[in-house]
Structures are given as structure tokens and as C-alpha cells.
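Undergrad:
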Amino acid sequence: MGNDFVVPAIVAVTLVTVGIGFYGLRLARTTSDFLVASRAISPTWNAAAIGGEYLSAASFLGIAGLVLKYGVDVLWYPVGFAAGYLALLLFVAAPLRRSGAFTLPDFCELRLGSRRLRILATAFVIFIGWLYLVPQLQGAGLTLATVAGSPYPVGALLVAAVVTANVALGGMRAITFVQAFQYWLKLTALAVPVIFLALQWQADGRPAVTPPDGPTFRAATTVVVEHRATLTLPDGEIREVRPGDELTFAAGDPVPGVSGAATDAGDWLLPSAAGDDDRGLFATYSLILATFLGTMGLPHVLVRFYTNPDGAAARRTTLVVLALVGAFYLLPTLYGVLGRIYTPHLLISGQTDAVVVLLPGAALGDGLVGRLLAALVAAGAFAAFLSTSSGLLTSVAGVISTDVLGRGSVRGFRLATVIAGGVPAVLALHVSGLDVSQVVGLAFAVAASSFCPLLVLGIWWRGLTDVGAAAGVVAGGGAAIGAVLVIVLGPPLSGWPATLTAQPAAWTVPLAFTVMVAVSIATRRRAPGDVAATMLRLHTPEAVRL
Amino acid sequence: MLADITRQDSRAERTRAELAQQTQVGEALVRGLVRAQLALALRLSLVVAIGLGGLPWLFAIAPSLGRTTVAGVNLPWLLLGVASFPFLIGVGWAYVRLAERNEQDFTDLVQRPER
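Same order as they appear, the protein sequences are chains E and B. Sequential numbering from 1 applies to the first sequence in the working numbering. Sequential numbering from 1001 applies to the second sequence in the working numbering.
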């Protein structure tokens, strides 16, 4: 890749991020300023910041890669990522803000008055935070390796170092400005190139996305295989390929079938049908449940709500976030679809996550426009890694500094940031080969089976007890974490066990709710005595000043 | 006129005190508000559960629907990739309006001079 604009673009994004961080640092004065941004942030800034923080590597790179590989069934990822904010709006936003809780452990203690539950919630916040941070750093490593040819650890460590330093030095205030800037950068970085790509597609005579004879290579291509796969060549020959193998195709050659990907036009274009693909249908519903209900349980999402002045503002901010995020999610699908035409070789090499960064170059050629747009997309991808990692790191570090180190000071927060950033950086170096989107999906499943029932029942049901909440979190969240460990460490599975562990939410979320309600009813004497006062505080509108 | 406002204020004051001291009246008012807000949230979730959650099932039992094309694009791609986002925003907008109306009703009730 001889694109000499990519590295300067990535350096510029990093410098601007750090620069805005230092601008914010000058404004940060006291400890409370530092941690909650004085609540002096306007709703528009706050909404853009929430959007910027939320759109991660999985949104920016992962969705397009999945669309390229699997087709229509994975469109539930963007829909679910956006719908998660609707669930948050309907059930959580205003009462949570009125509760005055800054983190999830705060909410547990405030609502149920239990130290032990607080410790359990802290453990889950740290686990989910790290589970979500590792793929962000991996995405950074892979992107830098793809576009600039650097070794994999460089990108991962670079993002980890920049984000840790920025969070440790600037705190939340800086992060709010950084995140808002990142949202608009990410939107631009996908929206501008897509206009040129659409024009190019017109100029090429609108080639069909699913030609009747199957996809073909548009130009002579040499593919270096990255992941083991089984290819089915057009003449029916079956060939095993291993990482490092090189395959050469001439222009107009048909793309061979690849095991695991939907190369067949029908599979890719049409949703799973009943009868022949019941596991596909189960996986779809499980994914819907995980993404719809998981967003509210992600630690970095909730922290943001404290920066709203009151409950009504929290609600309005969430609605703006839903609109901003929804607008963004129109774009990655187009990259996945155009990738079927211009970058089918990624199906064979297994690098489908790279489709967003490689598509401008592949479709527009090595001219000035193609290289500039490729650099813009790479800069956007880096913004995605930086912003999501910053948000996650802020919330994990906040929890570590108050609940593990037991200090609320600025110095304690800085120490906690280094710990919170160091662990996933080390993990990212040692765990390669994880699929970015799949790990992110598992983080959603864990959040949906632990914090979602805790928040929803805690806010709306007076009967919740500390024992019931802990039992539900351990049963549902524990089962989801078990599924994560089986996927990451266990042997490869097939059939129903594979589906049930890869997409666990459809059974772990109902499990969590059932256990939480049943144990709460069994221990109803332990319901906190101040529940009426808490309900009053969570639900009374601001207009009624008590 | 002045006296009227003062009397109104003192009654509103008493209702607020009832809320804060968790008398039975105050308790009933808050329970009513929580129930109204929860019912609203559940109703709108049902709209989404049917509107979006029904799609995989619909595509599964009626595969011909997936082959229908509008302007050259298959229907599932249009519904999921484009139409679902305005739908979600619309439901969210309706929720914010109706939830604020519930809160306004509650505020009026609490601050109403005669009860």
C-alpha cells in the first residue's frame, strides 16, 4: 500500500485528540470538575459526545465487514445498536439521572443499600469494560497493519498509550469535547467517501451486487490468505487454504465459494427462512435481545448521563443521540454492499473487517482522490478506536479509583487509569485472532444479562431486594460470561451448542430476570425500608421541587 | 389577588410536604405516576417488539417477502438498513412527548390549589 496520506491523517487525528484534551485540562480545576465535567455541558455537545463514544470499531469497521461476509441477517447489528438507545430512553434515562448515581455500583448502593452488591457490580463493570476494550485495541492494530504496513502491536499500543495519557491528564471534561469532535469526524469519514463511491459505481455502469453467475473479480488480484478456510472453486474442486498461501485470479474470474461466508447470492441477499435455518433464526432473535437491552448496561454509556443537568434533559439528550447514531448507521451497510463488487478478495483472505479502509482505494484507484479518501477513512477508524476506548477507560478507571483503590482524589483516578488501560493493552497483545464484532456482541450479551435486569427492576419494581439482585446478576451475567469463556478458550463447537454460546442472550436474559424476581419475592423482608423515598426521587419531575 | 396566590402557594406547599413525608396521599400520587410512566414505556416497547421484532419471523414464514424488490432493492434490506432508524426515532420522539405530558399532569395535580 503506497498511500502516503494515511500516516499523516492518523497522526493528525491523534494530535487533535490530545490537543483538545489539553485545552480541556486547562479548564479542569477541582476534583468534581474533573470527574463530572461540572454538568456544564450543553445537550447538543453531550449528545454528540455520547454518539462519538458509542460508535466503536465494531460500528465503524465491523458492521461493513459482517455485511460483506454474511449479508442481510447481520443488519440487525446496526438496528440493535441504535435500538439500544430507545430501550435506554424508555426505561432508564430520566430516573437514572434523577437518582444522582454516577456509576452502576453507585446505583446499586443507592437503591438497595448493599455494599456486597456494589462489589459485585464493580467486578462486572470492570469485566465488561475490558471485554469491550480488547477488540478496540485489536482493531487499531489490524487497521494500522493494513493501511500503513506497521507490525500489529504498534497500533494496539499506540491507541492504548494515547488514550491512557489523555484520560489520566484531562478527565471527563476533556473527554466530552474530544468525543463530540470524534462523532462528527466519524460521520464525515464515512459519508464523504460514500458519495464518491456511489458516483464511481454509476460511472462503472452500475455493476450488479449479486450477478446471476455469482461474484467475479473486476481486476487481476493476488490474495494472501490470513485465516484458514475451505474454498469451493467454480469447477467443483475443493481446496483447503492456510494463512500465508497466495492465490492469483485474473480479471473476470469468478470468486470461489468460501466456507463460513455467504458467497452464494441467495444466502447473502435473503433472510434466514424457517425450517431449514432454525438456528439462524434463534441467533437473530438472540442478537436482537442482546443489542436492544445491552446498551443500557454498558459502563461507559451510563456515566455520560450524569453530565445532564436533570432527568428531562437526560431524556431529550437520549433522543438526540438516537437520531445521531441512526444517521451514522445508514452508512456502513453501503460499504459492505459495495465491497461485494469491489473487494471480493477479502472474503478469501478472511480480512473482511478491513473493507471500509480498503474500499476507497479498490474502487477509485490510486489517484489523488482515492488516496485522500482512503486517508480520511483511516482517520475516522482511528477516531473510532480513540473515542470508544477513552469512554470505556474513563468509566473503568472511575470505578477502580472509587471502589477498588478507595480514593476519590485526582491522583487516585490517574493511578486507576493506568491500571485500567494497562491490562487490556497486555491482553490485546496476547489474544489475537478474535473476531472484533463477535467479542463486542458478547460484551452486549453480558451487559444485557446482568445490568439490564438490575436497572429495569431497580427503577420500576419496589419489590427488588439486594439478595435477589445479586442472584440474578450472578445467574444471568455468570452464564453469559461462561459462554464468553467457552468461545474464547474452549474447543470449537458445532450445531446447537455453538449457537447457544455464540449468541447467549436469548436464554441468559430471561434467566437473569426470572432469578432476580423469584429470589426477591422469596426474600421480600429484605426490601429496603426507604424504597418509597427512592421511588419519589427517581420519578418526581423537576418542576416539583421538594 | 395577592391573597389568592398566597393561598394557592400554601396548598401546593402542603402537597409537596405530603410527598416528602410519604403520607398515604403522597405515596398514592407517586405510585400513580410510576405506573403511568411504566405503562407508557411498555406500550411503546410493544410497538417496537411487533414492528421490528416481528420482521425475522415474517421473513422466515413468508420467504417470498424477502424476494420482493422496491426500486431494485430487496425489501428486507430497505426495511432493516433504512426504514428501521426513522421508526426508532419516531417512537423515541413520541415517548418523550407523552412522558413529559404524564409529568405535567402529575405536577398540575400536586400544585393544584383545590384537591
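C-beta: ideal position from N, C-alpha, C; glycine also. For clarity, every value in this text was computed on a predicted model and none was experimentally measured.
Quick check: phenylalanine 107/E and serine 99/E, are their CB atoms within less than 8 Å of each other?
TA: Against a cut-off of 8 Å, the Cβ pair of serine 99/E and phenylalanine 107/E comes out as a contact.
Undergrad: In three-state DSSP terms, what is leucine 455/E?
TA: Three-state DSSP puts leucine 455/E in a helix.
Undergrad: Residues of chain B with CB under 8 Å from glycine 476/E, in chain order?
TA: Ordered by position in chain B, no residue passes the 8 Å Cβ test against glycine 476/E, which lies about 19 Å from the chain.
Undergrad: Going along chain B in order, which residues have a C-beta closer than 7 Å to the C-beta of valine 355/E?
TA: Ordered by position in chain B, no residue passes the 7 Å Cβ test against valine 355/E, which lies about 16 Å from the chain.
Undergrad: Is the stretch 1054-1061 of chain B in contact with the stretch 276-295 of chain E, if contact means three or more CB pairs nearer than 8 Å?
TA: Touching, per the Cβ criterion.
Undergrad: What is the rounded straight-line gap between the Cα of alanine 37/E and the Cα of isoleucine 126/E?
TA: Confidence at alanine 37/E is low in this model, with a pLDDT of 49, below 50, so its placement is unreliable and the value that follows should be read with caution. Cα to Cα, the separation comes out at about 22 Å.
Undergrad: Name the DSSP beta bridge partners of arginine 239/E, please?
TA: Answer is Leu231/E, bridged to arginine 239/E.
Undergrad: Check whether the stretch 59-69 of chain E touches the stretch 351-368 of chain E, taking contact to mean three or more Cβ pairs, one atom from each stretch, closer than 8 Å.
TA: Yes: the two stretches touch, three or more of their Cβ pairs being nearer than 8 Å.
Undergrad: So, at 7 Å on beta carbons, what are the nonlocal neighbours of valine 163/E in its own chain, with the 5 sequence-adjacent residues on each side left out?
TA: These residues qualify, in order along the chain: Leu386, Ser389, Ser390, Leu393 and Gly421.
Undergrad: Go ahead and label histidine 539/E buried or exposed: buried means 16 or more other beta carbons lie within 10 angstroms of its beta carbon, across all protein chains shown.
TA: So histidine 539/E ends up on the buried side.
Undergrad: Give the DSSP bridge partners of proline 254/E, in chain order.
TA: Per DSSP, Thr216/E.
Undergrad: Determine the contact status of glycine 380/E and glycine 370/E, defining contact as a CB-CB distance below 8 Å.
TA: In this structure, glycine 370/E does not lie closer than 8 Å to glycine 380/E by Cβ.
Undergrad: Need the endpoints of the alpha helix (DSSP H) that threonine 122/E sits in, please.
TA: Unbroken alpha helix (DSSP H) run through threonine 122/E: 115-148.
Undergrad: Can you give me the start and stop residues for the beta strand (DSSP E) that glutamate 246/E sits inside?
TA: Counting along the chain, the beta strand (DSSP E) containing glutamate 246/E begins and ends at 246-249.
Undergrad: Mind checking the stretch 474-507 of chain E against chain B and listing, in chain order, the residues whose C-beta falls within less than 9 Å of any C-beta there?
TA: So the list is empty, because no residue satisfies the distance condition.
Undergrad: DSSP state of valine 74/E, grouped into three classes?
TA: Here valine 74/E sits in helix by DSSP.
Undergrad: Roughly how many angstroms separate the alpha carbons of proline 78/E and alanine 1039/B, rounded to a whole number?
TA: Going from the Cα of proline 78/E to the Cα of alanine 1039/B covers about 27 Å.
Undergrad: So, using beta-carbon positions, are serine 450/E and phenylalanine 5/E closer together than 8 Å?
TA: For serine 450/E and phenylalanine 5/E, no; Cβs fall outside 8 Å.
Undergrad: For a contact defined as C-beta to C-beta under 7 Å, what are the partners of valine 1110/B on chain E?
TA: Val544, listed in chain order.
Undergrad: Does leucine 1044/B get closer than 8 Å to chain A when you measure Cβ to Cβ?
TA: The chain labelled as chain A is not found among the protein chains of the depicted structure, namely E and B.
Undergrad: Would you mind giving the Cβ-Cβ distance between glutamate 53/E and arginine 304/E, rounded to the nearest angstrom? I have them listed as a contact below 8 Å.
TA: Indeed, because the Cβ distance is near 7 Å, the residues count as touching under 8 Å.
Undergrad: Relative to the C-alpha of proline 1063/B, which candidate in Pro271/E, Ser395/E, Ala161/E and Ser56/E has its C-alpha closest?
TA: Measuring from the Cα of proline 1063/B, the nearest candidate turns out to be Pro271/E.
Undergrad: Per DSSP, asparagine 1074/B is paired with what?
TA: In DSSP, asparagine 1074/B forms a bridge with Thr1069/B.
Undergrad: In the DSSP assignment, what residue or residues form a beta bridge with valine 14/E?
TA: Note that residue 14/E corresponds to threonine in the displayed sequence, not to valine. DSSP output for threonine 14/E lists no bridge partner at all.
Undergrad: Using three-state DSSP, classify threonine 465/E as helix, strand or coil.
TA: Three-state DSSP puts threonine 465/E in coil, outside helix and strand.
Undergrad: For leucine 372/E and proline 8/E, what's the separation of their Cα atoms in angstroms?
TA: Whole-angstrom Cα-Cα distance: 11 Å.
Undergrad: Taking arginine 1101/B as the query, report the chain E residues whose CB atoms sit under 9 Å from its CB, ordered along the chain.
TA: In chain order: nothing, as chain E lies at least about 11 Å away.
Undergrad: Given that alanine 1041/B touches chain E, what residues does it touch there, using C-beta distances under 7 Å?
TA: Under the 7 Å cutoff, chain E gives Leu90 and Phe91.
Undergrad: Are the C-beta of glycine 1053/B and some C-beta of chain E separated by less than 8 Å?
TA: Answer yes: the Cβ-Cβ gap between glycine 1053/B and chain E drops below 8 Å somewhere.
Undergrad: Note down, in chain order, each residue of its chain lying with its Cβ closer than 6 Å to the Cβ of glycine 458/E, except the 5 sequence neighbours on either side.
TA: Counting only Cβ-Cβ distances below 6 Å, and skipping sequence neighbours, we find Arg111 and Leu464.
Undergrad: From the DSSP secondary-structure annotation, give me the bridge partner or partners of valine 224/E.
TA: Valine 224/E is bridged to Glu246/E.
Undergrad: Is phenylalanine 102/E helix, strand or coil by DSSP?
TA: DSSP places phenylalanine 102/E in coil when its eight states are reduced to three.
Undergrad: List the residues of chain E that leucine 1033/B touches, going by C-beta distances under 7 Å, in chain order.
TA: Ordered by position in chain E, the residues that pass the 7 Å Cβ test against leucine 1033/B are His539.
Undergrad: If the cut is a Cβ gap below 9 Å, which residues of chain B does methionine 516/E touch?
TA: Under the 9 Å cutoff, chain B gives no residues; its nearest Cβ is about 17 Å from methionine 516/E.
Undergrad: Determine the DSSP secondary structure at glutamate 53/E, reduced to helix, strand or coil.
TA: The answer is helix: DSSP assigns glutamate 53/E an H, G or I state.
Undergrad: State the Cα-Cα distance for the pair threonine 523/E and valine 467/E, rounded to the nearest angstrom.
TA: In a straight line, the C-alpha of threonine 523/E is about 7 Å away from that of valine 467/E.
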